[in-house]
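Comments concern the structure below.
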Ligand SMILES: C[S@@+](CC[C@H](N)C(=O)[O-])C[C@H]1O[C@@H](n2cnc3c(N)ncnc32)[C@H](O)[C@@H]1O
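In our numbering, the protein residues as written are 703 to 1082.
Next comes the structure, spelled out in structure tokens:
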């Protein structure tokens, strides 16, 4: 870099201000100067490093010459150690083959200071050298808040809904603190489930006309993003269940870390244990719950027996998540619910909301439905 030659615009000191004004006025939005290199001060002159990567650089050069009557010289450039490329493409320019540039990810998940990227598009390319590591390093260079990059190497799988990750760059540390809707979440990206893409859902549900004093069950709480955001702004009592002990450990920390209006009781239990009649907690919750969050989209419908156990004859709101095939995924999700309600003596009073949260796979959507149901069981 030391011996790199770069075109510089050499201008008398007194005319430097005029030059800056001229480029601001006449080349709006164009990066005429590059901040990869430092401006050089000589006795009576200033040398501004020009951006010769501009597509119409030759035209720009002619225009500068014509209007400022200045000299453009090719001289040794001084690297600017503070320079940070603004895009991944810029950061990777000349580092990876041009024909692979199109595979650079356009987006990735950011959880706290950790980026989680999908790079399997490079798996079938013959000579990848250390391309994945270079991309990961470029992600850190371009995004000042990212300290670590992991690659997704499996789908989200199993009862605990976790995925395998491979460390690519930065500190090899899976614990982080994620900020969302005015709340903080400590979590481990490898050992607990967390999706920043449900941000809007959490905000929507926590603002959905929740009444003071409501009793709520978060059936699959994870580290608590729904429970915490609801309890942050509502005076309610939440019973949060998760089968993953590590998720419940973080939920407890998150309860302590966020100033909550409501009260959350975390339970490291399979939600099904509520159906055990010897369970005293279960007895206190039976047909006594105003609101139920069912954020386990793949299998939420198989827990309708628990919903039936918890829901009240006066009515209970459920926030249900499902994965349904395209097209007409919303209609299918509502139909699935109606069929399940029928088998558990639950009467659907109304659908308050239904939307596609995101495309889950090329053939499936993730759906959210808010429904108001009444328990019509005769045994209470
Ligand atoms: C899709 S994650 C959702 C977590 C959380 N609601 C969120 O938005 O981040 C589902 C969670 O359900 C938990 N889980 C799976 N089966 C369960 C069960 N039978 N009882 C309680 N928790 C369960 C998993 O450990 C996982 O943390």
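Heads up, the beta-carbon is just placed ideally off N, CA and C, and yes, glycines get one too.
Opposing strand residues paired with residue i [DSSP bridges]
i: residue 993; result: 918 and 1019
i: residue 776; result: 709
i: residue 965; result: 939
i: residue 878; result: 889
i: residue 749; result: 712 and 742
i: residue 819; result: 853
i: residue 791; result: Per DSSP, none; premise fails for residue 791.
i: residue 781; result: 739
i: residue 1055; result: 1072
i: residue 868; result: 853
i: residue 859; result: 864
i: residue 1063; result: 1066
i: residue 1050; result: 1075
i: residue 1027; result: 1066
First through last residue of the alpha helix (DSSP H) which encompasses residue i
i: residue 723; result: 718 to 728
i: residue 947; result: 947 to 959
i: residue 1068; result: No alpha helix (DSSP H) holds residue 1068; the beta strand (DSSP E) holding it covers 1066 to 1077.
i: residue 1040; result: 1031 to 1045
i: residue 906; result: 901 to 908
i: residue 811; result: First-last for residue 811: 811 to 813, but that is the beta strand (DSSP E), not the alpha helix (DSSP H).
i: residue 1010; result: 1006 to 1012
i: residue 761; result: 759 to 770
i: residue 986; result: 982 to 987
Same chain, Cβ closer than 7 Å to residue i, five either side skipped, listed in chain order
i: residue 1051; result: 1017, 1074, 1075 and 1076
i: residue 734; result: 725, 752, 753 and 762
i: residue 1061; result: 1067
i: residue 1000; result: 1025
Range of the contiguous beta strand (DSSP E) that encloses residue i
i: residue 850; result: 850 to 854
i: residue 833; result: First-last for residue 833: 833 to 844, but that is the alpha helix (DSSP H), not the beta strand (DSSP E).
Contact set for residue i: own chain, Cβ-Cβ below 6 Å, skip 5 residues either direction
i: residue 949; result: 894, 924 and 925
i: residue 1034; result: 1026
i: residue 885; result: 930, 931, 934 and 960
i: residue 918; result: 938, 940 and 993
i: residue 706; result: 779
i: residue 982; result: none
i: residue 880; result: 813, 814 and 887
Neighbourhood of residue i by C-beta, 8 Å cutoff - its chain only, sequence neighbours within 5 removed
i: residue 985; result: 979
i: residue 900; result: 927, 997 and 1059
i: residue 1012; result: 919, 976, 987, 988, 989, 990, 991, 994 and 1018
i: residue 874; result: 850
i: residue 846; result: 786
i: residue 841; result: 790, 810, 817, 819, 848, 851 and 871
Interface flag, residue i vs chain C, CB-CB below 8 Å
i: residue 902; result: Among the chains of the structure shown, chain C does not appear; only one protein chain is present.
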